[in-house]
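First the structure, in the form of structure tokens, and then the observations on it.
Residue numbers (my numbering), protein chains in the order written: chain A, 12 to 346; chain B, 12 to 346.
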């Protein structure tokens, strides 16, 4: 399989082509993905999420530049890291933000072979987008990028999906976007490993920082007993307390500290054993989803033409309950 | 099946017992559900969602009282409607809000056989909660309640699930909870058929009303081309423009107008043909989910002990890609 070898050797054109194949769920692309899989598991996958207007694209841009130039932490001899950026925009495919973000990135990052940027816009179901993103991140991991930054707009399901595929989740906030302690924030905090208040030079930044700290303190007590931990196969462990970091991305302020915090979080994951636990939970969920999907596809393929529609009609006309209709479809197949 | 007959005859104790069975996924409960299914399809299912602090529990309480006393619209001879309330709290099972809400409701509504209240707290997976809620709403529908109010905390996936099972979705906001035009609001607006600004006597209410109107106007242009319409099997139709209604629930202000708006929306659904389209999309999604779930359960049941765990281990050690491992599990079964 030629494209696999070329991707492993660092051929960027082959990589871009393979990613397009995978985005289109092309069969040969998925085959290449399987061949690449043994080479995965080395990248640090970092999810970066936040509402529009928080400046998270600039933040991602600056973080990528920093990692390219100085690596993770302040050292005497900095070691540059290769970086891939996957920008996922589950909103309109014609989002002005995405285009502008790309242009800003281009200017600083274009031409550096140690950086690879890919934008994905929603084309249909949100579930399909998450699926494609997971697969593309695997390919970028196999291609040898040390850090993969997965950027997405913070809104409901997209965040949950990102939390599932990332090792470290950075949630970006900014002053003036509604600083009150909201339920929605509590939901975001559950997935945040690091909190950033970008645009920290704006008036109100102090309030935003304080509000997030407060919510964190409130959440911290509850977090220790949250049922989610069991569901994610996460063992009890010394708690990681998400830091709240001020940044001014367009000036590069606070980027060193952010890179350091991400590095610290990764160390925490490794030392506490949570890294292995997260990986196990992530892969388990992914396999269950693939199993469900493939079983459904295989089942429907072997159904007589229109069988599902006929069952749907029976349920709509109240002749059968959904569970009953589904059971009969399945049992009919076995006969 | 005795419990089915008793539920159909209006026996509230039998109803409560059946709901508990269904919540516990008890086999005889699910059988009763299938027997009741032909009697469903008459209730107007109304989802009511909003952040904590918006006073949506009081709003639900007042709306239920109004429907009991005056029915849907202001008429010379008002026709009372029977009402069921399902309060879903996907957050902590020890939420103070839920308990307080129940107590307030109790005082006004307890003892009226035309009203039925059921609280559900999260006990594990969010998906399981949504599943149980769908089933319980079916039972309440079969039991003859004209209106079913499904109340939930507005946060991500719970809202999407509620949008799927309700005919009319009411989103509740309040002043002082962050009035800015946020991305998260845009997401909520996509599912809202009616917007309520509760606590409209508080300072800042005018701003909240205006902000929501503005977001609505912005969203309205985009909405006409949103891909979601196709996914939901919704035919092109004269657009419903969600009204923005001020209320002061604890004083009962604006409740008449809210009931009227819900009634109007139901009429719109019927006249535009969207009611049938929503029902079709809802049942289709439900059947696909049941199919996926039952296929997975049936598949895993016939797998040798530990087969899934063994496959998981192969993937974790990078010996196999997830897709490959899953495909081999499925193909192994066929052999």
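Each residue gets a CB set at the ideal place from its N, CA and C atoms; glycine is no exception.
query: Which word fits residue 265 of chain A, buried or exposed, when buried means at least 16 other C-beta atoms lie within 10 angstroms of its C-beta?
result: Per the 10 Å Cβ criterion, buried.
(Q) Between the stretch 14–26 of chain B and the stretch 294–313 of chain A, can you find at least three pairs of beta-carbon atoms closer than 8 Å? (A) Two segments are said to touch when three or more pairs of C-beta atoms, one from each, lie closer than 8 Å; by this definition the stretch 294–313 of chain A does not touch the stretch 14–26 of chain B.
With 16 other Cβ atoms within 10 Å as the buried cut-off, status of residue 252 of chain A
exposed
Fill in: Chain-order list of residues whose beta-carbon lies under 8 Å from that of residue 237 of chain B (same chain, five-residue window excluded)
Residue confidence is low: residue 237 of chain B scores 42 on pLDDT, short of 50, so the model does not pin down where it sits. Its coordinate-derived value is still stated next. Non-local beta-carbon contacts of residue 237 of chain B in its own chain, meaning distances under 8 Å to residues more than five positions away in sequence, involve 201 in chain order.
message = For a cutoff of 8 Å on Cβ pairs, would you count residue 271 of chain A as touching chain B?
response = no
Could you give the first and the last residue of the continuous alpha helix (DSSP H) run that contains residue 297 of chain A? 285–312
For this session: Within its chain, find whatever has a CB closer than 6 Å to the CB of residue 34 of chain A; leave out the 5 residues flanking it on each side and keep chain order.
Result: 143
| Which value, in whole angstroms, describes the spacing of the CA atoms of residue 233 of chain B and residue 67 of chain B? | In this prediction, residue 233 of chain B has a pLDDT of 49, which is less than 50 and means its spatial position is unreliable; what the coordinates show is noted afterwards. Between residue 233 of chain B and residue 67 of chain B, the C-alpha separation is close to 28 Å.
For chain A, find out if any of its Cβ atoms is closer than 8 Å to the Cβ of residue 297 of chain B; answer yes or no. yes
**Asked** Thinking C-beta only, is residue 78 of chain B closer than 8 Å to residue 270 of chain B?
**Response** yes
### Query
How should residue 65 of chain A be labelled, buried or exposed, when 16 other C-beta atoms within 10 angstroms of its C-beta is the threshold for buried?
buried
Using a Cβ-Cβ cutoff of 7 Å, what residues of the stretch 49–74 of chain A are near chain B? List them in chain order. 49, 51, 52, 62 and 63
Proximity test, Cβ basis, 8 Å: residue 41 of chain A and chain B: Closer than 8 Å to some Cβ of chain B, the Cβ of residue 41 of chain A qualifies, so yes.
| field | For residue 328 of chain B, three-class secondary structure by DSSP | value | coil
Apart from the five residues just before and just after residue 322 of chain B, which ones in its own chain have a Cβ nearer than 8 Å to its Cβ? 331, 336, 337, 339 and 340
- request: Note the first and the last residue of the continuous beta strand (DSSP E) segment covering residue 162 of chain B.
  value: 158–164
Notebook entry, point to check: Residue range of the beta strand (DSSP E) that residue 60 of chain B falls in?
Noted result: 55–61
Original post:
Is the CB of residue 309 of chain B under 8 Å away from at least one CB in chain A?
Top reply: Interface residue (Cβ-Cβ distance to chain A less than 8 Å): residue 309 of chain B is classified as such.
Q) Is residue 179 of chain B closer than 8 Å to residue 273 of chain B when the C-beta atoms are compared? A) Against a cut-off of 8 Å, the Cβ pair of residue 179 of chain B and residue 273 of chain B comes out as a contact.
*Measure how close the beta-carbons of residue 303 of chain B and residue 129 of chain A come, nearest whole angstrom, since I'm counting them as under 8 Å.*
30 Å between Cβ atoms; not a contact.
From what residue to what residue does the beta strand (DSSP E) around residue 207 of chain A run? 205–208
Close Cβ partners of residue 191 of chain B (< 8 Å) along its chain, the five nearest in sequence each way excluded: Because residue 191 of chain B sits at a pLDDT of 40, beneath the cut-off of 50, its placement in the model cannot be relied upon, and the following sentence gives the value as read from the coordinates. The beta carbon of residue 191 of chain B sits closer than 8 Å to those of 222, all from its chain and outside the five residues before and after it, given in chain order.
- [ ] Please list, in chain order, all residues of the same chain as residue 146 of chain A whose beta carbon is under 7 Å from its beta carbon, the five residues on each side excluded.
- [x] Non-local beta-carbon contacts of residue 146 of chain A in its own chain, meaning distances under 7 Å to residues more than five positions away in sequence, involve 33 and 44 in chain order.
Would you mind giving the Cβ-Cβ distance between residue 209 of chain A and residue 185 of chain A, rounded to the nearest angstrom? I have them listed as a contact below 8 Å.
-> Yes, they are in contact, since the Cβ atoms of residue 209 of chain A and residue 185 of chain A sit about 5 Å apart, within 8 Å.
* To do: In the DSSP assignment, find the unbroken beta strand (DSSP E) run with residue 179 of chain A in it and report its ends.
  => 179–184
Roughly how many angstroms separate the alpha carbons of residue 49 of chain A and residue 162 of chain A, rounded to a whole number?
Going from the Cα of residue 49 of chain A to the Cα of residue 162 of chain A covers about 25 Å.
Measuring only between beta-carbons, confirm whether residue 45 of chain A sits less than 8 Å from chain B. yes
Quick one: is residue 211 of chain B buried, meaning 16 or more other Cβ sit within 10 Å of its Cβ, or exposed?
buried
Does residue 342 of chain A pass the burial test, meaning 16 or more other C-beta atoms within 10 Å, or should it be called exposed? exposed
Next item on the list: Return the residues of the stretch 327–339 of chain A that lie within a Cβ-Cβ distance of less than 8 Å from chain B, sorted by chain order.
Entry: 327, 329, 330, 331, 332, 333, 334, 335, 336, 337 and 338
Taking all protein chains shown into account, decide if residue 69 of chain A is buried (16 or more other Cβ within 10 angstroms of its Cβ) or exposed.
buried
Looking only at C-alpha atoms, which of A:141, A:160 and A:76 sits nearest to residue 122 of chain A?
A:76
Does the distance from the C-beta atom of residue 333 of chain B to that of residue 301 of chain A stay below 8 Å?
yes
- prompt: Using the beta-carbon count (16 or more within 10 Å), is residue 257 of chain A buried or exposed?
  reply: buried
field: chain A residues whose Cβ lies nearer than 7 Å to that of residue 301 of chain B
entry: Ordered by position in chain A, the residues that pass the 7 Å Cβ test against residue 301 of chain B are 333, 334 and 337.
State the start and end residues of the unbroken alpha helix (DSSP H) segment that holds residue 71 of chain B.
67–81
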